[in-house]
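Protein sequence lines, in the order shown, are assigned to chains A and B. Mapping to our numbering: the first sequence position 276 is 276, numbers consecutive. Mapping to our numbering: the second sequence position 197 is 197, numbers consecutive.
Number of protein chains: 2
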Amino acid sequence: MDDLETRELRYFVAVAEELHFGRAADRLGIAQPPLSRAIRRLERRLGVRLLDRDRRGVALTDAGGVLLREARAALDAVAAAARRTRRAGDPKRPLVLVTKAGASHELLRRLLDALAGEPGAAPVEVLLCEVGEQARLLRDGHADAALMHRPFDDLAGFDTEDILAEGQVALLPAAHPLASRSRLTMADVRDVPDLPIARWPRLDGSYPDGPGPEVRTQSQLAQLVALGRALLVIPASSRAWQWPDHVAVPVVDAPEVTTVVAWPPGSRSQEVAALVRTAAGLRAAFAREAHHPAAGGDGPGGLRILGPMTSAPERTDGRA
Amino acid sequence: MDDLETRELRYFVAVAEELHFGRAADRLGIAQPPLSRAIRRLERRLGVRLLDRDRRGVALTDAGGVLLREARAALDAVAAAARRTRRAGDPKRPLVLVTKAGASHELLRRLLDALAGEPGAAPVEVLLCEVGEQARLLRDGHADAALMHRPFDDLAGFDTEDILAEGQVALLPAAHPLASRSRLTMADVRDVPDLPIARWPRLDGSYPDGPGPEVRTQSQLAQLVALGRALLVIPASSRAWQWPDHVAVPVVDAPEVTTVVAWPPGSRSQEVAALVRTAAGLRAAFAREAHHPAAGGDGPGGLRILGPMTSAPERTDGRA
DNA sequence: CTGTCCGATACCCGGCGGGTATCACAGCGT
DNA sequence: ACGCTGTGATACCCGCCGGGTATCGGACAG
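Now the structure itself:
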């Protein structure tokens, strides 16, 4: 029938996240009664119970869970519409490229250099974010394109182009016994008693089990590593954010990580297309200077240059 | 700042599509002055001119074009939120699978049989639509999954799984000189004087140049073919919608068509996952009964069974 | 039993969305 | 030249709905 207003969706998301009408109303800057009324009307309009208000607390129903996910996506889309329109009206709009802080440092540097070198290219602004934030920033219009990493990031819903694949390395204090090894396996680094692997949140926000500390931000992680309290397995190119007294040792059987450039589907923007083309061009540049004779034939920890294949959003689980 | 309301987006889309305030207001069921006011406020809020109202007519600015595209996507997302929530609250919700009428007939039949045979599977409802409609129906929540065809359909923004690849055939009146050939090439069928190839709209809605009639719906096409007024190059499996006195001749160099099952990214639904799994299982079933020893080795016009690869939304141009 | 916590209800008010009437202006026909 | 017509903008009014305050009702805790 009549469709929902964004205000109602915002209200519902607030309640669904807080599971508490009072706090949600507070967060929204309105009083509690209008909020209750709005949610009630929303339920009546949809003909579905969204919340179980049982004594002492509010819980999401199945339908409520669906609406929470869908409403977030819809609100992102609305916000994206506003942001992209504003920026389209700005004559000297810079292109915003978002990437995880510290990842793909060398690629990013080369990409920016290449773009600066192109004659008619739009200026590019780099937005550094925390792990897993790229998808939202791309979806809600804060960014025009992103560097993301398969299989870590959620690429669902974007168009992507693979740029380069690489192995992973373990980052160890130089004094650690394992630091002298020339290669390691996952079995070697899992369950090292004094150096547990830090645990990242999965895509749904929960943490996997394990002995390591729970980590959500890059800075938390940096400090843990600097303190010698955590072991890290990261893509080889992330050696860029280097600690002086740590060494990187290739982990031969760690999953390969592919850096991809991603952009919102259906983006007909000339500027985004140019950026993607330039990034794809770097694939060849990396291939030239990596003087390994056969692509894909170099050892783990090195870069594997991808052929000109087109690829490939796919669903992934979090980095477990 | 303050974000847009869906009503404002609906209003803008109506005006942008009609390029006429009066007609747009009529379509929206409101009077013209409030509509003018709403658009004006929208422009003021965004700080961007969306429409050039020069005397005698309205035109979209660049920013207006961006907003039109983004607003459609956002409205689809909002509509999808409402529909999916309603259906999630329905205890006996059927799964809606959308596909082009007439395409992949045999696959569809087998898929439905397989799903009916599964013990705990949800009932499936099939929604048949016109060419190019699947993406919208999937995006706005009318459907839970779709059978689509690469490279014809726009797969951007969906998760997909390839099911089978096949060649294309030319559909000819039995009496036609070319009908006796056992194989044809695109050069043979292009520019046949008495049988021009029908022209489909591209993804952007425009038509390619050429001598053939412009066609938008399956029924238009069916009539043209039945009248012997148009030549058709279609996937081999679409022979299902057969005309009694037409024959299908393989076109060896026509692009291969891949039937994929697509679903909205991030769909955590158990039922959709089961459908995709069943569809992927059919890939193996097709492989078994097609007693060609080597996959991919059979002649053009036949089916090529895909290996268990994971793939691959990619941007495509329309069927030109 | 009573205090407290929390969502629901009752009721009021102001602003905004929507309506009608009208204006301003550009083509255009005669 | 002059109205006619078609278009979007302006002026102004009204009713509804979003938001506020006050209060209720039920469920624990003690």
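Cβ coordinates follow ideal geometry from the N, Cα and C atoms, glycine included.
For chain B, find out if any of its Cβ atoms is closer than 7 Å to the Cβ of residue i; answer yes or no.
i      : result
A/A101 : no
A/V257 : no
A/T217 : no
A/D3   : yes
A/L46  : yes
A/T278 : no
A/G132 : no
A/D62  : yes
A/A143 : no
A/A294 : For A/A294, the pLDDT reaches just 41, beneath the cut-off of 50, and the residue's location in the model is therefore unreliable, although a value from the coordinates is still provided. Chain B, which has no Cβ nearer than 7 Å to the Cβ of A/A294, makes this no.
If the cut is a Cβ gap below 8 Å, which residues of chain B does residue i touch?
i      : result
A/A74  : A74, A77, V78, A80 and A81
A/L95  : Those within 8 Å of A/L95 in chain B number zero; the least Cβ separation is about 14 Å.
A/R49  : G89
A/A156 : D159, P265 and G266
Could you please give the first and the last residue of the uninterrupted alpha helix (DSSP H) stretch that includes residue i?
i      : result
B/A74  : D62 to G89
B/E18  : T6 to E18
B/D154 : It is not in any alpha helix (DSSP H) - B/D154 carries neither H nor E in the DSSP assignment.
A/H105 : H105 to G117
A/P94  : No alpha helix (DSSP H) contains A/P94, which DSSP labels as neither H nor E.
A/E43  : Q32 to L46
B/A135 : Q134 to R139
A/A101 : Where A/A101 is concerned, there is no enclosing alpha helix (DSSP H), given that its DSSP letter is neither H nor E.
A/D26  : F21 to L28
Output, in chain order, the set of chain B residues within a Cβ distance shorter than 7 Å of residue i.
i      : result
A/V66  : R84, T85 and A88
A/A146 : Near A/A146 there are no residues of chain B at all, since even the closest Cβ is about 15 Å away, more than 7 Å.
Residues of chain B with a CB under 9 Å from the CB of residue i: which are they?
i      : result
A/D113 : Within 9 Å Cβ-Cβ: nothing; A/D113 doesn't reach chain B, min ~27 Å.
Starting from residue i, trace the beta strand (DSSP E) in both directions and tell me its first and last residue.
i      : result
B/L51  : L51 to R53
A/A262 : V257 to W263
A/P250 : H246 to V251
A/E125 : V124 to C129
Which residues of chain A have a Cβ atom closer than 8 Å to the Cβ of residue i, listed in chain order?
i     : result
B/R69 : G266 and R268
B/L9  : V78 and A81
Since residue i meets chain A, which of its residues come closer than 7 Å, beta carbon to beta carbon?
i    : result
B/T6 : D3, L4, E5 and T6
Ordered list of beta strand (DSSP E) runs contained in the stretch 166-243 of chain A, each at least 3 residues: 168-173 and 232-235
For the stretch 185-192 of chain A and the stretch 139-159 of chain A, state whether three or more C-beta atom pairs, one from each stretch, are separated by less than 8 Å. no
Any contact between the stretch 122-141 of chain A and the stretch 96-110 of chain A? By contact I mean 3 or more CB pairs, one from each, below 8 Å. yes
Given 8 Å, three or more beta-carbon pairs between the stretch 246-257 of chain B and the stretch 170-180 of chain B: yes
Is the stretch 63-76 of chain B touching the stretch 70-79 of chain A, taking contact as three or more C-beta pairs under 8 Å? yes
Could you tell me whether the stretch 32-50 of chain A touches the stretch 84-96 of chain B, using the rule of 3 or more Cβ pairs below 8 Å? yes
Per the contact definition of three or more C-beta pairs closer than 8 Å, is the stretch 210-220 of chain B in contact with the stretch 264-283 of chain B? no
With three or more C-beta pairs closer than 8 Å as the rule, is the stretch 257-270 of chain A touching the stretch 195-203 of chain A? no
Segment contact flag, the stretch 105-115 of chain B with the stretch 55-72 of chain B, C-beta cutoff 8 Å, min 3 pairs: no
Count the CB pairs spanning the stretch 28-40 of chain A and the stretch 16-27 of chain B that are closer than 8 Å, and state whether there are at least three. no
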